[in-house]
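Asks: Just dropping this structure here.
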Amino acid sequence: MILIGQYDSSFVRRVGIALTLYGLPFEHRPWSSFGDAGQIRAYNPLTRVPTLVLDDGEALVDSHMILDYLDGLMPADRAMFPRTEPDRRKALRIAALATGMADKAVALFYELHLHEKPSDVWVGRCRAQIEAALAVLEEERAKSAGPHWFGGRIGHADIAVACALRHLDDAHPGLVSMDAYPALKAHAARLEAMPVFQTISQPFVAPA
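Under this note's numbering, think of the first position of the sequence shown as 597, with each following residue one higher.
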């Protein structure tokens, strides 16, 4: 398999971490959706990352779809999204809040840095959505005292939150004080200390 995209994207990074934790071999092509758009378009007409190219040449073009596919390759006791309700719904909800927050962080960056005159309304809306998501995630994480959000082992919800928080801090330094979110701060620190998080990582590279 080939994973296309840079690890400063929380969406690419969570896929790279999952592939590594699953022990699935892959080639990483750190292409930028800006600087390497032509190369990405050959696999993904949306010119988006992550793109996962399977061994038969088929390309999966959305991080959730990719993770769902990878989970399907695993036995139930190794899948990182639960397969039974209500656990599956709860984990999907946390992951969706994290990835939604990451989407807003990306949109905010584009608004602030790629527009000659940013819209105050849009900037305010993005910031409010990020802060609202953080508040809910903090409340939910504080309910679980264990090292992982659900159960005794790492799951996609854990990874999605940690990757989104890293991207938020790298792309918008100083925007949010994580001291206001102690449960999330501890969660992120615990995961970022893991070898796989240190390996599947790169400094933030602003699109140009």
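All C-beta atoms, glycine included, are put in the ideal place defined by N, C-alpha and C.
1) The alpha helix (DSSP H) with Ile-636 in it runs from where to where?
2) Give the DSSP bridge partners of Ile-598, in chain order.
3) Taking the straight line between their C-alpha atoms, what separation do you get for Pro-778 and Glu-734?
4) Please identify the residue among Thr-643, Pro-641, Gln-602 and Val-608 whose C-alpha is closest to the C-alpha of Trp-627.
5) Could you tell me which of Val-792, Leu-730 and Gln-794 sits nearest to Ser-773, measuring between CA atoms?
6) My understanding is that Val-611 touches Leu-642, with C-beta atoms under 8 Å, so please give their C-beta distance in whole angstroms.
7) Would you kindly work out how many angstroms separate the C-alpha atoms of Pro-791 and Leu-615, rounded to a whole number?
8) List the DSSP bridge partners of Leu-656.
9) Return the chain-ordered list of same chain residues with a C-beta closer than 7 Å to the C-beta of Asp-651, the five sequence neighbours on each side being excluded.
10) Do you know how far the Cα of Asp-716 is from the Cα of Asp-673?
11) If you reduce the DSSP assignment to three classes, tell me which class Asp-766 lands in.
12) Give the single residue among Leu-780, Gly-751 and Ala-753 whose Cα lies nearest to the Cα of Asp-765.
13) Helix, strand or coil for Trp-718, going by three-state DSSP, please let me know.
Replies: In short:
1) 633-637
2) Glu-623 and Val-649
3) 8 Å
4) Gln-602
5) Leu-730
6) With 8 Å as the limit, Val-611 and Leu-642 do not qualify as a contact, their Cβ atoms being about 16 Å apart.
7) 14 Å
8) Leu-648
9) Met-597
10) 47 Å
11) helix
12) Leu-780
13) helix
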